Amino acid sequence: MFGCRSYVESNSYITHLQCSRCGETHPHSGVQTVCVNCGGTLFARYELEGVKSALRRDELSRRAPTFWRYREVLPVVHDENIVSLGEGYTPLYPLMRLGERLGLKLLVKDDGVMPTGSFKARGQTTAVSKAKELGVRRVALASAGNAGGAMAAYAAKAGLEAYVFMPRDAPSVAKLECHVMGAHVYLVDGLINHAAAIVQRLRERYGWFDLSTLKEPYRVEGKKTMGYEVAEQLGWRLPDGWGHWARGHVEGVRGA
Numbered sequence: 001m002f003g004c005r006s007y008v009e010s011n012s013y014i015t016h017l018q019c020s021r022c023g024e025t026h027p028h029s030g031v032q033t034v035c036v037n038c039g040g041t042l043f044a045r046y047e048l049e050g051v052k053s054a055l056r057r058d059e060l061s062r063r064a065p066t067f068w069r070y071r072e073v074l075p076v077v078h079d080e081n082i083v084s085l086g087e088g089y090t091p092l093y094p095l096m097r098l099g100e101r102l103g104l105k106l107l108v109k110d111d112g113v114m115p116t117g118s119f120k121a122r123g124q125t126t127a128v129s130k131a132k133e134l135g136v137r138r139v140a141l142a143s144a145g146n147a148g149g150a151m152a153a154y155a156a157k158a159g160l161e162a163y164v165f166m167p168r169d170a171p172s173v174a175k176l177e178c179h180v181m182g183a184h185v186y187l188v189d190g191l192i193n194h195a196a197a198i199v200q201r202l203r204e205r206y207g208w209f210d211l212s213t214l215k216e217p218y219r220v221e222g223k224k225t226m227g228y229e230v231a232e233q234l235g236w237r238l239p240d241g242w243g244h245w246a247r248g249h250v251e252g253v254r255g256a
């Protein structure tokens, strides 16, 4: 039954997955990619009233400054399934001169210090951890940059097979990172959408869990921690901002 936590002791308050298009609900206890009803993107839903009772600001302030300090609002049910490379709680730096020129207080969040060099580590630690929890053995995605390397790194830590499909003209460093991390790398003559089409076509045949952007519910759950971190670092005063990580940020500040 959706809308309630499992009776098994859990650190997460996840209750179910919900389609952003048609509203259909799906269990989080099985492997899910997109909505089986309409193909829409799935988002995790949580028992937020329970989170409010269990996770207070003073409790949060006593926790280690890591990504998984927000585990109550992340989808991994049991801590033993967490696949971590030491990610999270990245610094905010003031841009004094540019801020003065623009007449505002300007800060930048540096996710370049993440284990794989970008914010993509947030999504992949979450997605690969959930994949491990669900018993997945093979993960795949289409990537033209650092998402492939991030998935390869976390999959290697989890002991999962990783398959990355990249445009042939993707940056050499991105391709090399995937190889170094032990992923199976396939180069595609075309763009990232052509690579994504191959993953989608072959995933059922080879038993891959597709971790491509918006083809599963969990990467965005990791990205929302940027919102939590920024809110904490600014004394729970939410900032203005923009960027292609904004969807995850919105999911985070909704719960903050």
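By full-length UniProt numbering, the letter at position 255 of the sequence shown is numbered 255, and the numbering carries on one by one without gaps. Here a beta-carbon is modelled for each residue, glycine too, at the ideal position from N, C-alpha and C. No experiment lies behind these values; they were computed from the predicted model shown.
For Y154, the enclosing alpha helix (DSSP H) covers residues N146 to A158. Within the same chain, T90, S118, F119, A121, R122 and M226 come within 8 Å of D111 by CB-CB distance, once the 5 residues on both sides are set aside. Excluding five sequence positions before and after L17, the CB atoms of its chain that fall closer than 8 Å to its own CB belong to T25, H26, P27, H28, Q32, L42, F43, A44, R45 and P217, given in chain order. By the Cβ rule, the region 80-90 counts as touching the region 54-68, because three or more pairs are nearer than 8 Å. Contact between the region 134-143 and the region 159-167 is present: three or more C-beta pairs spanning the two stretches fall below 8 Å. Taken atom to atom, the span from the alpha-carbon of W208 to that of A155 is near 12 Å. Sixteen is the threshold: when 16 or more other Cβ atoms of the shown chains lie within 10 Å of the Cβ of D210, as they do, the residue is buried.
Beta-bridge annotation (DSSP): A197 is not paired with any residue. Contact between E177 and G149 is confirmed by a C-beta separation of about 3 Å, below the 8 Å threshold. In the three-state reduction of the DSSP assignment, Q18 falls in the strand class, which pools E and B.
In the DSSP assignment, the residues bridged to Y46 are I14. In the three-state reduction of the DSSP assignment, A140 falls in the strand class. In the three-state DSSP reduction, E204 falls in the helix class (H, G or I). Here the alpha carbon of C22 sits roughly 36 Å from the alpha carbon of G235. Here A153 is not near T126, since their CB atoms are 8 Å or more apart. R168 and D189 have their alpha carbons spaced roughly 6 Å apart. Distances from the CA of V113 to each of G88, E100, V128 and K130 were compared; the closest alpha carbon is that of G88.
Cβ neighbours of L55 within its own chain (closer than 6 Å, five residues either side excluded): E72.
In the DSSP assignment, M226 falls within the unbroken alpha helix (DSSP H) covering T225 to Q233.
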